[in-house]
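**Student:** Mind having a look at this structure? Questions to follow.
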Amino acid sequence: MDTPWSDAANSGPQPLSTSVPDPVHPDSPVAFLIVKSMLLTGFDAPREQVLYLDRPIRDAELLQAVARVNRTSPGKEVGYVVDYYGVFEHLSSALAGYRNADVTDTMRELSHEVGRLGPAAQKVRDFLGRNGIDDAQLDQLAKLGPAARALEPEDLRFDFDEVLHAFLATLERVLPHEDALDYVADARRWSLLQKRVRRLYRDAEGGTFTLRRYGRKVRAMIADHLEGPEIDQVIPPVSLTALTFDDAVRRLPPQEAAAEMGHALRFHLEERTKREDPAKYERLSKRLEEILRTMPGRFEEQIEEFGPLIEEARQEQEESPELAGLTPLEQRAYRLVEQILEDTPGISLADGGDIRRLTGKVCDMATRTMARASYQGQHQDLSALAGDLQDVLLSGHVRPVKGDWASLENAAERLASFAQDNLRQFRNRARGE
Numbered sequence: 001m002d003t004p005w006s007d008a009a010n011s012g013p014q015p016l017s018t019s020v021p022d023p024v025h026p027d028s029p030v031a032f033l034i035v036k037s038m039l040l041t042g043f044d045a046p047r048e049q050v051l052y053l054d055r056p057i058r059d060a061e062l063l064q065a066v067a068r069v070n071r072t073s074p075g076k077e078v079g080y081v082v083d084y085y086g087v088f089e090h091l092s093s094a095l096a097g098y099r100n101a102d103v104t105d106t107m108r109e110l111s112h113e114v115g116r117l118g119p120a121a122q123k124v125r126d127f128l129g130r131n132g133i134d135d136a137q138l139d140q141l142a143k144l145g146p147a148a149r150a151l152e153p154e155d156l157r158f159d160f161d162e163v164l165h166a167f168l169a170t171l172e173r174v175l176p177h178e179d180a181l182d183y184v185a186d187a188r189r190w191s192l193l194q195k196r197v198r199r200l201y202r203d204a205e206g207g208t209f210t211l212r213r214y215g216r217k218v219r220a221m222i223a224d225h226l227e228g229p230e231i232d233q234v235i236p237p238v239s240l241t242a243l244t245f246d247d248a249v250r251r252l253p254p255q256e257a258a259a260e261m262g263h264a265l266r267f268h269l270e271e272r273t274k275r276e277d278p279a280k281y282e283r284l285s286k287r288l289e290e291i292l293r294t295m296p297g298r299f300e301e302q303i304e305e306f307g308p309l310i311e312e313a314r315q316e317q318e319e320s321p322e323l324a325g326l327t328p329l330e331q332r333a334y335r336l337v338e339q340i341l342e343d344t345p346g347i348s349l350a351d352g353g354d355i356r357r358l359t360g361k362v363c364d365m366a367t368r369t370m371a372r373a374s375y376q377g378q379h380q381d382l383s384a385l386a387g388d389l390q391d392v393l394l395s396g397h398v399r400p401v402k403g404d405w406a407s408l409e410n411a412a413e414r415l416a417s418f419a420q421d422n423l424r425q426f427r428n429r430a431r432g433e
């Protein structure tokens, strides 16, 4: 007779599982910790952001409970306490033993933060209005360019960042309260303007725009609005070497295109050319400033002049008989030596001197010095390298004019600085790469 219900009784005890299931998905940013007691000394979790209270606590334990969400942690802007029991009626007595200065603003009702949203948003609108920007038109992508140009003075861009950050920080604290949803459209519109401003003037590190300064909840609300093909149509890439840069600029009106090309060129020269090729940087920078100075308001002419300048900036190597056979690093060193001799009246290249041969000796000295394990790029290392390069200049027939040894020392220091800025390339040269 089949009696399956008796099988378990005869099979003996089942082994207990030794694995403890992870209650939180490994990719989830959310975790719950249930604490029955011991709030005073029981656990250490700086990341805790929300505390839910459902039992009576008071005095020191109440203060410690509040302190759990008041601790700082990366990415944590504010802590929340959700009081299901009415515990906060005892907060005043718990704080009675503290000075007023310590107690002030210890806790804020969420309703107070909700009330701050409107004034914070109005400050942004007032700022835009004072600077000739029609907030109602910012929903039109074509209006972002003129609005960004209105914020060209650096102090205005700083002030815009400040008022917008104050508004977004308040919005972050209030979300996901339903009253905050009325301001999400404002946050998206103004953040898109900030992206256009940052990308045009290339103020931030890397010249780009990032959402890192925004809170997590605000980022979730606006991130998708700041990306997409239609956004790329009106906001060109940061780098003028990007494949889509030229096409993006061609779609812009002349005034915007000229501004974009000018700022992109200046950023490229400052970020790359100045370090890698000082002579080329100085030559192109002077030409850029000359165009801006002599052609104010003539945007189509500026565009015509910027074009060849941008192409030259993009070229890592230049075709010139004097540079034939030199590596890109040696070409940059050649141009720097040539520039130093031209713009330093206190030194001159005597008979028998040759810039190409001198450049080779400069590069060889920098390569030998920087290949040593003891070279760390510290002040004393650079001073020693500059001293060696001064000897190289003298052996290459560079002479101080009328005993102007200070100019010769300065020339050697410029070459040492160039070598340090190109440390990786010189070490690659030492390895034959």
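At position 261 of the sequence shown (counting the first as 1) the number is 261 in full-length UniProt numbering, and the numbers step up by one without a gap.
The beta-carbon is built from N, C-alpha and C at its ideal position, and this holds for glycine as well.
Predicted, not measured: the structure shown is a model, and the values here were computed from it.
Between S374, V197, D182, D354, which lies nearest to L144 when the distance is taken from Cα to Cα?
**Tutor:** Ranking S374, V197, D182, D354 by Cα distance to L144 puts V197 first.
**Student:** Do you know whose CA, among G353, L193, V87, V337, lies nearest I57's CA?
**Tutor:** For I57, the nearest C-alpha among the options comes from V87.
**Student:** To the nearest angstrom, how far is the alpha carbon of E172 from that of T72?
**Tutor:** E172 and T72: Cα-Cα distance of roughly 16 Å.
**Student:** Using DSSP with H/G/I as helix, E/B as strand and the rest coil, what is R219?
**Tutor:** Note: R219 maps to helix in three-state DSSP.
**Student:** With burial defined as no fewer than 16 other Cβ atoms inside 10 Å of the residue's Cβ, what is the status of V238: buried or exposed?
**Tutor:** That one is buried.
**Student:** Going by C-alpha to C-alpha distance, which of L382, Y375, R272 sits closest to R332?
**Tutor:** Cα-wise, what sits closest to R332 is R272.
**Student:** If you draw a straight line from the C-alpha of A419 to the C-alpha of M261, how long is it?
**Tutor:** Answer to the nearest angstrom: the Cα atoms are 30 Å apart.
**Student:** With a threshold of 16 other CB atoms inside 10 Å of the CB of I347, please say whether the residue is buried or exposed.
**Tutor:** I347 is buried by the Cβ-count criterion.
**Student:** Give me whichever residues DSSP pairs with R399 in a beta bridge.
**Tutor:** Answer is S348, bridged to R399.
**Student:** Among the residues of its own chain, which have a CB less than 6 Å from the CB of G79, if the five just before and after it don't count?
**Tutor:** If we look at G79 and ignore the five residues flanking it on each side, its Cβ neighbours are Q49, V69, N70.
**Student:** Helix, strand or coil for A147, going by three-state DSSP, please let me know.
**Tutor:** The answer is helix: DSSP assigns A147 an H, G or I state.
**Student:** Go through the region 166 to 223 residue by residue and report every complete run of the alpha helix (DSSP H) that reaches 4 residues or more, in order.
**Tutor:** Correct list: 184 to 201, 216 to 222.
**Student:** Only counting the same chain, and skipping five residues up and downstream in sequence, which positions put a Cβ closer than 6 Å to that of Q425?
**Tutor:** L329.
**Student:** Does A9 come out as helix, strand or coil in the three-state DSSP assignment?
**Tutor:** In this prediction, A9 has a pLDDT of 45, which is less than 50 and means its spatial position is unreliable; nothing more can be read from the coordinates.
**Student:** Determine the extent of the beta strand (DSSP E) in which D354 is found, giving its start and end residues.
**Tutor:** Element bounds for D354: n/a, residue is neither H nor E.
**Student:** Check whether the Cβ atoms of P236 and V249 sit closer than 7 Å, and answer yes or no.
**Tutor:** Yes, the pair counts as a contact, with Cβ atoms nearer than the cut-off.
**Student:** Pull up the CB-CB distance for L240 and K195, whole angstroms please, since I reckon it's below 8 Å.
**Tutor:** So it is not a contact: roughly 18 Å between Cβ atoms.
**Student:** What did DSSP end up calling D139 once you bin it into helix, strand or coil?
**Tutor:** Three-state DSSP puts D139 in coil, outside helix and strand.
**Student:** Tell me which residue opens and which closes the alpha helix (DSSP H) that L423 is part of.
**Tutor:** Residues 423 to 430.
**Student:** Please report the straight-line C-alpha distance between D155 and F209, rounded to a whole angstrom.
**Tutor:** Computed Cα separation, rounded: 18 Å.
**Student:** Shorter than 7 Å from the beta carbon of L175 to some beta carbon of chain D?
**Tutor:** Among the chains of the structure shown, chain D does not appear; only one protein chain is present.
**Student:** Rounded to whole angstroms, what's the CA-CA distance from L51 to H112? Just pull it up for me.
**Tutor:** Whole-angstrom Cα-Cα distance: 19 Å.
**Student:** Quick one: Cα of A220 to Cα of Y183, how far?
**Tutor:** For A220 and Y183, the distance between alpha carbons rounds to 14 Å.
**Student:** Provide the residue span of the beta strand (DSSP E) that contains Y52, from first to last.
**Tutor:** Run containing Y52: 50 to 53, per the beta strand (DSSP E) assignment.
**Student:** Report buried or exposed for K280, applying the criterion of at least 16 other Cβ atoms within 10 angstroms of its Cβ.
**Tutor:** Buried, by the Cβ-count rule.
**Student:** Considering only residues of the same chain and omitting the five flanking positions on each side of R335, which have a CB-CB separation below 7 Å?
**Tutor:** Cβ within range, chain order: D277, A279, K280.
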